[in-house]
Structures are given as structure tokens and as C-alpha cells.
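**Q** When we follow this note's numbering, the leftmost residue of the sequence shown carries the number 110, and every step to the right adds one.
Ideal Cβ positions, reconstructed from N, Cα and C, are used throughout, including at glycine.
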Amino acid sequence: MMIILHSLLFFLLFMLIHEGGHIIAAKTMAIPIQKIGASLKPYPHFYVSVTWPRSIVQKYSYLFAGMALTWLIFSIVQINDYWGIKSLYYGLIIQLIVEMNPFHSDIIIAIVTNRKSFKKAGFNDFESIYKTELDAYHFSALWYLHFSLWMVVIVLLLKMS
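#1: Less than 8 Å between the CB atoms is what I'm expecting for Pro211 and Trp259, so what's the real figure, rounded?
#2: Roughly how many angstroms separate the alpha carbons of Val261 and Ile112, rounded to a whole number?
#3: Please work out which residues of its chain come closer than 7 Å, Cβ to Cβ, to Pro141, disregarding the five sequence neighbours upstream and downstream, and give them in chain order.
#4: With respect to the beta strand (DSSP E) encompassing Ser164, which residues constitute its N-terminal and C-terminal limits?
#5: Buried or exposed, going by whether 16 or more other CB atoms sit within 10 Å of the CB of Glu236?
#6: Measure from the alpha carbon of Ile263 to the alpha carbon of each residue in Ile145, Val221 and Val207, then state which is nearest.
#7: Select from Leu118, Ala219, Lys268 and Arg163 the residue whose C-alpha is nearest the C-alpha of Tyr246.
#8: Can you list, in chain order, the residues of its chain with a C-beta nearer than 6 Å to that of Ala147? Leave out the 5 residues immediately preceding and following it.
#9: So, is Val166 buried or exposed, given that buried needs 16 or more other C-beta atoms within 10 angstroms?
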């Protein structure tokens, strides 16, 4: 029972570190932060909302800063062979699975906001266009590729134990 509680606490910590990566990136690039919060949809998660960057470098730097921090932690754990701490292992694996998922993740935001009709519309009606493009992306060939790669990553991560 304690390993479950500790794993969830590590997962919570990793979620906060991930969002901290977005905050650091936004502050470093002078991207205004609109809101820091939590949401229950589509699943419970924290988020950092910013004024959408106009520069593609800023956009991708901001979007992938959280994931970069998670992979940095993963690398540190791997290099130092901390995998014996099972709750750390489970918390980190859950974080990696959640942040790489093909349903709602920074990867999805990067893909969807890179689609042609999204680029044409610019910043007009961002949320409506995002939802339309997200619906078009789900279950497309690219989505199935993302889903397949996600499954491979899950299997590889679980085999590490």
C-alpha cells in the first residue's frame, strides 16, 4: 500500500516539475503567463497557460520544456541506477506515459497547432480552430503512428523493471 502512495507522490512531484519546465521556458523567453492551474478534463492534470508565442522556436521550446525536464530526470535516474527505488520508478513511468499519450499532451498541441488550416487562421478563434484540428487529427494515420510509438515506449519502460 505504501508503494502505491509513494508512487503517486512521486508522480505528483514529476507533474509539478514538468509544469515548472513550462514556467521556466515562458519566463526565460518573456512569454506572458496567463494562468497556472489544474483541470479535471480530459484527465486530472496541471497546466500553464501562456499568451501563444508567435515564434515557432518559442512555441516548441515552451511546449517541450516540461518533457525535457522529465527526460532529464529519467536520464539522471538511469545513469545513477536508482531503479531499485520502486516508487520512484513507478512514478516516473506513469509521468512518461501520461506526458507522451496520443490523446492529450504537449506533443498533441505541437502537432495540431502545426496543421495548415491552423497556420492560415493565425490567432483568430484559437480554441475553436484547435478543437476542429484536434478532431481531425484523432484517429488519422499520424495519430495511429503516435499511438503505436506510445505503445512501444510503454512496453520498453515496463520492461526496465
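**A** Taking the geometry as given:
#1: Confirmed, about 5 Å.
#2: Taking the CA atoms as reference points, Val261 sits about 25 Å from Ile112.
#3: The beta carbon of Pro141 is closer than 7 Å to those of Val159 and Thr160 in its chain, skipping five residues each way along the sequence.
#4: For Ser164, there is no enclosing beta strand (DSSP E), since its DSSP letter is neither H nor E.
#5: Glu236 is exposed by the Cβ-count criterion.
#6: Nearest option by C-alpha distance: Val207.
#7: For Tyr246, the closest alpha carbon among the candidates Leu118, Ala219, Lys268 and Arg163 is that of Ala219.
#8: Cβ neighbours of Ala147 beyond the five flanking positions: Phe155.
#9: Exposed.
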